[in-house]
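All letters in the sequence shown, in the order written, are residues 56 to 660 by this note's numbering.
C-beta atoms are modelled at their ideal positions from N, C-alpha and C, and glycine is treated no differently.
Please read all numbers here as calculations on a predicted model, not as lab measurements.
A quick write-up on the structure given underneath.
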Amino acid sequence: MERPDTDVDQLDNSLLYVNPKQFHRILKRRVTRQRAREATVHAAYTRDAQDNRTQGASSCASSEEGSKHISGPSNVETQFSRRLPFSKDRNGVGKGDDVTLSIQSYSIETSKPSIDVKDHGQLGINTDDGHFSDWPYNCSYFVSELMNADDPISQLRSDAEFYPADSNTPECFAAVDLTESGSHSFVLSPSDSQFDERLRMSDLAYGDTRILFVSQKRLCLKNYTTSRYGLKSSTWIRILSLCDIPPDAVQLIHENNGCRGAHTSFCCDVRGKSCRLKIPDDSLGETLCAYHIWVKPRPWWNEEHFVYARHDFHSRRKLVLVVGTALEAQRQRLLSQFRSATQPHLFSVLLALAKTWTKDLEEFVWEQDFNTQRLESDTGWSTVGHTQLKPLPREKLALRKDIIFTKDALSHVVRASESFDELFSFFSKEVRAIPSDGHNVNIRPDQLKDAFLQQGSKQWHQKSQAQGLVDRLDAQWNIVSALIAQHNNSLNYQIATDSRDDTIVMRRISFVTIAFLPATFLATFFSMSFFHVTSDDIAASPTIWIYVVCVVPLTLAIAWQSSTRGISAVKWVASKLRRKSPKKSVFFEDQGREDRATREAQQMA
């Protein structure tokens with residue numbers, strides 16, 4: 056069977072074993088084989104599913120008794136892997152094997168290139184521990200009346216790629232604690248004995264903050280898009296389950312246009328946790344338990360950021376989950392800014408993270424500004440003076456792709472600035488969601504609100520700067536187009552001038568030809584010898600008058616015929632133009648006659 060051609064993806068230089076010409080044919084053949092397999096394995100799958108439900112029931116019973124039951128991969132996972140239209144395998148196709156559309160991919164922060172997509176149990180999640188497979192229904196802050204659990208499960212199943220389950224690559228991700236003694240950075244690994252305890256934040260003191268950093272990036276490959284995580288699927292679900300991340304926040308990670316949300320959990324809504332008693336003077340009869348906020352700015356260029364933050368009103372502990380790119384810069388920013396701070400406000404942490412994002416965007420804007428100035432220096436038409444740079448000659452100007460690339464980059468800046476402006480406005484409104492009860496007296500909500508408004512104003516002016524750069528690029532595009540057109544017109548004029556000179560020369564040659572060709576013809580025709588040259592004298596033939604009498608009329612006749620043909624050609628062209636010209640209206644003809652008659656009468660008078 057013919058093997059698909061090999062290609063290289065332009066984004067990450069990964070090999071793509073997909074031939075577009077064979078795509079539909081192979082896919083149709085693959086679906087036909089899939090239906091045949093489903094008919095043969097249906098009975099076996101039903102029997103395995105019953106065994107799996109029995110194992111799940113025993114796992115729940117053992118977990119209630121405090122024991123940990125480890126179960127193998129579910130059969131639903133096997134069924135889902137069979138339903139995949141492509142098999143992501145780099146091995147070649149042997150004899151008798153099925154043709155697979157294989158795509159080589161790589162993880163975010165590892166040298167191992169293969170990434171696998173797994174189905175995750177009955178609810179879309181499959182882990183080594185049956186307790187975590189219940190996410191998001193086991194989340195303490197899950198409210199079925201407000202939150203949708205199906206969408207994040209579907210996204211983790213079909214729109215995400217993780218480390219393969221059998222991968223030997225060590226998993227780890229960075230974490231930062233903000234405590235009374237300052238900021239501390241460490242690395243978390245699923246193999247650590249205190250991994251679960253640290254995710255539950257049971258080791259933190261009153262008012263401390265824990266920040267987790269998980270790498271994630273949406274990649275647009277040749278035939279599909281996906282969100283790639285730097286962890287295994289089981290580890291990611293373990294984090295979501297132990298940290299009690301709501302499903303709406305996870306759904307936002309896969310959003311491509313950016314979004315934001317907030318939620319307040321009351322004690323009556325929380326399950327599996329002991330909350331304090333209700334406040335006696337609470338008129339609603341409810342007590343605040345936790346405040347959640349999750350934001351994702353609109354992705355721009357190769358940057359993608361997401362943050363989920365939670366403030367527990369009982370323990371004052373704060374959890375921040377940062378997912379996306381440029382994690383090291385954000386971690387260093389938090390360590391340096393909160394080195395001497397004691398238990399900072401939750402929105403202070405969000406402000407520090409957002410400033411890191413906007414700093415990268417600001418540097419990107421200035422890079423495009425310098426590119427715009429460089430493009431303006433090529434034409435010499437700019438509001439910014441360049442005394443040391445000389446414009447290029449007109450013959451070297453061209454509509455290069457640099458202008459298009461810079462303009463496209465600035466369009467990303469405009470959209471990102473709009474998103475950040477809305478984000479800071481959202482923060483300034485939500486900062487009062489956490490009541491100030493005297494625990495944190497260093498930062499007041501009004502101070503945070505002013506800081507957010509200042510950053511929002513900065514983003515608004517940055518957007519104006521990007522739009523101004525776009526206008527300058529449009530002006531440069533028009534200037535280059537005009538200069539190129541002017542240069543082409545000058546070349547066309549030069550070509551026309553040279554052609555006219557050539558025409559004049561050819562006309563002179565034709566005059567000489569008209570003068571000498573008839574005489575040469577007659578001399579050859581009659582074979583006359585009109586002159587006899589000797590060493591002493593030149594003797595003319597007495598019959599030379601015959602040559603003169605014949606040559607002069609013949610030359611005049613040929614010249615007259617040539618001029619007559621030119622005049623007739625001009626008259627023919629003029630007649631053609633008169634036929635094609637629109638006829639004058641009868642009204643104007645009559646009015647013209649009246650005007651002539653009036654003028655003649657005045658002259659006679």
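- Within the same chain, V420, A521 come within 6 Å of V468 by CB-CB distance, once the 5 residues on both sides are set aside.
- The closest CA to that of L452, considering only D557, T413, A537, is found on A537.
- Counting C-beta atoms within 10 angstroms of its own C-beta, Y218 has 16 or more neighbours from the protein chains shown and is therefore classed as buried.
- Looking at the backbone, the Cα of P490 and that of W190 are separated by about 30 Å.
- Relative to W355, the option among W412, L390, S257, I348 whose CA is nearest is W412.
- Taking the C-beta atoms as reference points, P352 is found nearer than 7 Å to L478.
- Looking at the DSSP output, D367 sits in a beta bridge with A345.
- Contact annotation, L374 with M256: C-beta distance approximately 6 Å; criterion of less than 8 Å satisfied.
- Taking C-beta atoms as the reference points, V377 and Q271 fail to come closer than 7 Å.
- Residue range 215-218 is occupied by the beta strand (DSSP E) that includes E216.
- Taking all protein chains in view, the Cβ of H318 is crowded by 16 or more other Cβ atoms within 10 Å, so the residue is classified as buried.
- Annotated three-state conformation of L243 is strand, per DSSP.
- Pairwise C-beta distances place the region 521-531 in contact with the region 447-463, as three or more of them are shorter than 8 Å.
- One alpha carbon belongs to I308, the other to D476, and they sit about 20 Å apart.
- Y196 is a Cβ neighbour of D299, given a cutoff of 7 Å.
- Beta-bridge pairing by DSSP links S288 to no other residue.
- For the region 250-332, the continuous alpha helix (DSSP H) assignments of 4+ residues that do not extend past its boundaries occur at 250-254, 288-297, 302-308, in sequence order.
- Under the three-pair Cβ rule at 8 Å, the region 505-517 does not count as touching the region 378-387.
- Our two residues, A364 and Y346, have alpha carbons roughly 8 Å apart in a direct line.
- Minimum Cα-Cα distance from Q249 among the listed residues L297, K445, Y261, L211 corresponds to L297.
- Classified as exposed, L546 has fewer than 16 neighbouring CB atoms from the shown chains inside 10 Å of its CB.
- L430: member of the alpha helix (DSSP H) spanning 401-434, first to last residue.
- Per DSSP, reduced to three states, the secondary structure at E358 is strand.
- Judged by DSSP in its simplified three-state form, D591 adopts coil rather than helix or strand.
- The alpha carbon of W515 has as its nearest neighbour, out of V242, S288, S480, the alpha carbon of S480.
- Closest option to C194, judged by alpha-carbon separation, among A629, Q210, M561, V325: V325.
- In terms of CA proximity to S282, A215 leads the group A215, Q616, P608, Q541.
- Within the same chain, Cβ atoms closer than 7 Å to the Cβ of F321 are found at E341, T342, L343, C344, the five residues on either side in sequence being excluded.
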